[in-house]
Structure formats: C-alpha cells, structure tokens
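Going by my numbering, the first residue of the sequence shown is number 5, and it counts up by one from there. Beta carbons are placed, not taken as given, at the ideal position from N, Cα and C, and that holds for glycine. Since this is a predicted model, take the numbers as computed values, not measurements. In what follows, a structure is listed as structure tokens, so that the remarks can point back to it.
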Amino acid sequence: MRTKVIVMGDEKVGKTSIIHRLCFPLDMPRVSKTIGIDCTSRVIGFNNIIYNVQFWDVAGGVQWLPLYPKYIKNADLAVVVYDVSNENSFVNLKKWIGVIRKENGDKFPIVIIANKIDKESSRVVHTERHKIYEKQFNLDVFLIEMSALKGINLQHSLKCILSLIKPKKVLTTTVHQKTWYEKWFG
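Structure representation (structure tokens):
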C-alpha cells in the first residue's frame, strides 16, 4: 500500500535525520539542509500489510511556504517535529498544525515527535508541557520522544506512524481484465 507521510517542523529540528533513520535504521543520520521538498521511501511490513511509505521532508524555512499546500493535500499522515532543546520550535507547533489542518481538516492524523532527547542537559521542553499541548490540539498519538542521532525510540516512532495510517479501499472488478498478451494475441 503506497502511503504518503509529510514531515514538517522548524529548521534544524532533525526532520531529515529522523527520515533517514526511519528508512535506513543502521546508518547514521546525514546532516544536510533540505532545500524545498525531498522524498525518501521505504517498504515496511506491519500488521500483515506491506507499506511503501514515502516520507516527504518539507523544508522548515518560510520561503518554502507557498509549496506546502500542494504537497500536504494528498498525504495520509503528517509528522510534526520539534527540538526539545529549542523553545521556539515547540511554540511553532501551532503554526505547523494549522497549515496541515487548513489543507486536510481537523480529523487528519498528526504525530508530533519531540526530537533530540539525547541532549538532556540542554532540554527546555519537558514531557508535561507536551502532554498539555497534545490535549489542546486533540492529537491522535501520545508523545513520541526520540533521538534520531542515537536511534532512541526509533522503532516505537515507526510503529506509531504506521498504526495511524488508514488502509485504503482496494477497488475490485468482476469483469475479466485482459493481460497484455491476451490483448495482442487473442
């Protein structure tokens, strides 16, 4: 099942690193700034369903704002990332959730990932604040805290994301579809 997951958040919160670790769990995350939008895919088996997950990495800069609606519109799920050592990235969650809900409605599934929990000594956003925020925005998932750098809670994050993806209806037909061979050679 082809699935489109949009990953959004402020610049330098670790969106690209998270996607890299979710798609290539044994590799160290690459550190590079996303320009515009980038897409990375991974085929994953979960709950007896094979997913072809396309993670769309949306750059966090305001100059890319005009691109967002086009890419958000046909997504199956959104992941919004903030850095636990950056207060502004947490405050800006409201902006990112607003952009997503404007295009997809209030019931659209959104996962929030608190990244960089390995930086405990410089942490400014704690779990309790996130839980209050989660209730305020009626989010579908409990707090997911992770570290893309260290791989902490990587599998848990992936399972939460996949569990929120709604299976798409498969259209079937009772009319026999001819193969290319039957069409050409009768």
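_Beta carbon of Ser89 nearer than 9 Å to that of Arg133_ = Counting from 1 along the sequence shown, the entry for residue 89 is found at position 85. Counting from 1 along the sequence shown, the entry for residue 133 is found at position 129. Result no, Cβ atoms of Ser89 and Arg133 do not sit closer than 9 Å.
*asked:* Please return the same chain residues whose Cβ sits closer than 7 Å to the Cβ of Lys8, not counting the five positions on each side in sequence.
replied: Counting from one through the sequence shown, the residue named residue 8 turns up at place 4. Excluding residues within five positions, the ones whose Cβ falls inside 7 Å are Gln58, Trp60, Asn78, Ala79, Asp80.
*Which first and last residues belong to the alpha helix (DSSP H) in which Ser21 is found?*
What you label residue 21 is simply residue 17 of the sequence shown in a count that begins at 1. From DSSP, the alpha helix (DSSP H) with Ser21 extends over 19–27.
*Under 9 Å between the Cβ atoms of Gly18 and Asn119?*
For this step, residue 18 is matched to residue 14 along the sequence shown. For this step, residue 119 is matched to residue 115 along the sequence shown. Yes, the Cβ-Cβ distance between Gly18 and Asn119 is below 9 Å.
*Below 9 Å between beta carbons: does that hold for Leu26 and Leu168?*
The sequence position of residue 26 within the sequence shown is 22, counting from 1. The sequence position of residue 168 within the sequence shown is 164, counting from 1. Cβ atoms of Leu26 and Leu168: not closer than 9 Å.
*Buried or exposed for Asn108, please, with buried defined as at least 16 other CB atoms from any protein chain shown within 10 angstroms of its CB.*
Sequence index remark: in the sequence shown, residue 108 carries index 104 (1-based). Buried: at least 16 other Cβ atoms inside 10 Å.
*Val179: buried (16+ other C-beta within 10 angstroms of its C-beta) or exposed?*
Residue mapping note: residue 179 aligns to position 175 of the sequence shown, counting from 1. Caution applies to Val179, whose pLDDT of 46 falls short of 50 and renders its modelled position unreliable; the model cannot decide the point.
*Got a sec? Which residues, its chain only, sit under 6 Å from Val103 by beta carbon, not counting five neighbours each side?*
The sequence position of residue 103 within the sequence shown is 99, counting from 1. Hits under 6 Å: Tyr72.
_Whole-angstrom distance between Lys139 and Leu31, CA atom to CA atom_ = Taking the first residue of the sequence shown as position 1, residue 31 is located at position 27. Taking the first residue of the sequence shown as position 1, residue 139 is located at position 135. It should be pointed out that residue 31 corresponds to Asp in this sequence rather than to Leu. Using only the alpha carbons, I get a separation of about 35 Å.
_Can you tell me where the alpha helix (DSSP H) holding Thr131 begins and where it ends?_
Sequence index remark: in the sequence shown, residue 131 carries index 127 (1-based). Note, Thr131: alpha helix (DSSP H), 131–140.
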